[in-house]
Amino acid sequence: MSLVKQAIIAELQELMPKSTHYSEQYENAKTKPKRDLMMKRLKKNNEKIADLIVALEKINEKEKQEDETAIRDGGVEEESTPAQSAE
């Protein structure tokens, strides 16, 4: 797994509980300003999550295409040795 993919997953794992927390705070808020603040934080957090999910999906698609290309081409390409390069 790539470092970027790992970082995205780690960030998602941090942000998702925050959405739950903001949602609970919104539901339990006793004043309109508090509800508005929690809704604003929830929306912002959810937008970040959505962006990360889109990025993760793009990475997964790229990895899938690379795997399909490797299978179609018969596996991993061999590196040329210095003797082969000189020919």
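The opening position of the sequence shown corresponds to residue 28 in this note's numbering, with each subsequent residue numbered one higher.
Think of the CB as a built atom: it goes at the ideal place given N, C-alpha and C, for glycine as much as any other residue.
Just so it is clear, the structure is predicted and the values come from calculations on it, not from any experiment.
With C-beta atoms as the reference, is residue i less than 8 angstroms away from residue j?
| i | j | result |
| --- | --- | --- |
| THR69 | SER50 | One detail in the question is off: residue 69 reads as Leu in this sequence, not Thr. Yes, they are a contact pair. |
| ILE86 | LYS45 | no |
| TYR53 | MET66 | yes |
Taking the alpha carbon of residue i as the point to measure from, which residue in the options has its own alpha carbon closest?
| i | options | result |
| --- | --- | --- |
| ILE76 | ARG62, ILE36 and MET28 | ILE36 |
| GLU74 | ASP94, ILE98 and GLU38 | GLU38 |
In this structure, does DSSP put residue i in helix, strand or coil?
| i | result |
| --- | --- |
| LYS70 | helix |
| ARG99 | helix |
| LYS57 | coil |
Examine the Cβ distances between the stretch 51–65 and the stretch 77–97 and report whether three or more of them are shorter than 8 angstroms.
-> With the cut-off at 8 angstroms, the stretch 51–65 and the stretch 77–97 do not touch.
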